[in-house]
Amino acid sequence: MTERAGRVLRRLGAADADALLAILHAAYAADLELGVRFGASDATRDDVLAHLRGNLAHGLVDPAAPERILATISIRVPWGPNPGPLALPHLGWLAADPACPERGLGSEVLERIEDVLREQLRAPAVTLGTAREHPWLGDYYVRRGYERIGSRDLGLGHLTDYHLKPLDPAAFETWRAAHVSYLEGIAR
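Numbering (this note's numbering), first residue to last: 4 to 191.
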């Protein structure tokens with residue numbers, strides 16, 4: 004658990020399933036209105052429980068109301084049930100509560116999980132995917148230091164653009180030299 008700006012980033016578990024489901028549906032409703040469907044958009048409680056078992060889900064909470072999730076993000080690990088495109092941690096299910104009056108919670112939870120990956124897991128880099136058809140998400144991730152590395156059709160009704168961000172430049176160069184075939188295998 005890490006605290007910053009009066010908010011705590013903590014691991015989520017089965018007891019958080021209903022709160023996680025509520026924030027996912029609230030946050031992803033705007034994407035559905037744009038015609039963009041992500042896997043989390045219409046997740047069921049069973050989907051959320053399976054996600055919590057197979058991934059490292061985190062929530063940004065106020066210590067005064069720790070049961071209310073202000074923002075969430077999950078780390079999908081390469082050896083888990085739903086790995087990303089490379090042998091690196093992959094981020095997913097990023098959501099911020101649209102009913103929360105504070106702005107920037109999504110950026111805060113993204114920055115804080117990058118710190119966890121860098122400092123606790125010693126990850127050389129991280130990947131994430133977003134819908135190419137989304138009007139602003141791809142540009143948002145580029146502004147946050149992510150580089151588009153390829154795309155795939157995952158059957159969600161849109162192309163998924165994959166992005167990569169080095170977290171430790173020296174470690175990433177070592178990783179890249181050892182995994183060049185992984186990078187070449189992603190369609191541009």
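We put the beta carbon where it would ideally sit given N, CA and C, even for glycine.
For residue i: DSSP bridge partner residues
i, result
"Val64", "Val11, Ile72"
"Val129", "Lys168"
"Ile78", "Leu59, Leu94"
"Glu150", "Leu167"
"Arg155", "Thr163"
"Ala174", "DSSP, once it has assigned bridges, lists no residue as partnering Ala174."
Cut-off 6 Å between Cβ atoms - residues of its own chain near residue i, not counting five sequence neighbours on either side
i, result
"Val2", "Lying outside 4 to 191, the shown extent of the chain, residue 2 is not represented and no answer is given."
"Tyr149", "His166, Lys168"
"Ala174", "Pro127"
"Asp21", "none"
"Ala60", "Leu15, Ser77"
Contacting residues, own chain, Cβ-Cβ under 7 Å from residue i (five flanking each side not counted)
i, result
"Glu117", "Val129, Leu170"
"Asp164", "Gly132, Thr133, Arg135, Gly141, Arg151, Ser154"
"Leu55", "Leu15, Gly16, Ala17, Ala20"
Straight-line Cα distance separating residue j from residue i
i, j, result
"Trp178", "Asp49", "36 Å"
"Gly109", "Ala17", "22 Å"
"Gly57", "Pro69", "22 Å"
"Arg115", "Arg10", "11 Å"
"Ala25", "Gly38", "20 Å"
"Leu15", "Asp65", "14 Å"
"Tyr144", "Arg71", "26 Å"
"Ala30", "Pro84", "24 Å"
"Val147", "Trp139", "One detail in the question is off: residue 147 reads as Arg in this sequence, not Val. Approximately 13 Å, taken between the alpha carbons."
"Gly158", "Ala180", "31 Å"
"Pro101", "Gly107", "11 Å"
"Ala33", "Glu122", "33 Å"
"Ala99", "Phe41", "15 Å"
"Pro86", "Trp96", "13 Å"
"Glu105", "Pro88", "33 Å"
Cβ distance (whole Å) where residue i is taken to contact residue j below 8 Å
i, j, result
"Ala43", "Leu27", "5 Å"
Neighbourhood of residue i by C-beta distance below 8 Å, restricted to the same chain and skipping five residues each side
i, result
"Pro92", "Ile78, Arg79, Val80, Pro81, Leu120, Leu124, Ala126, Val129, Thr130"
"Leu162", "Ala134, Arg135, Glu136, Ser154, Arg155, Asp156"
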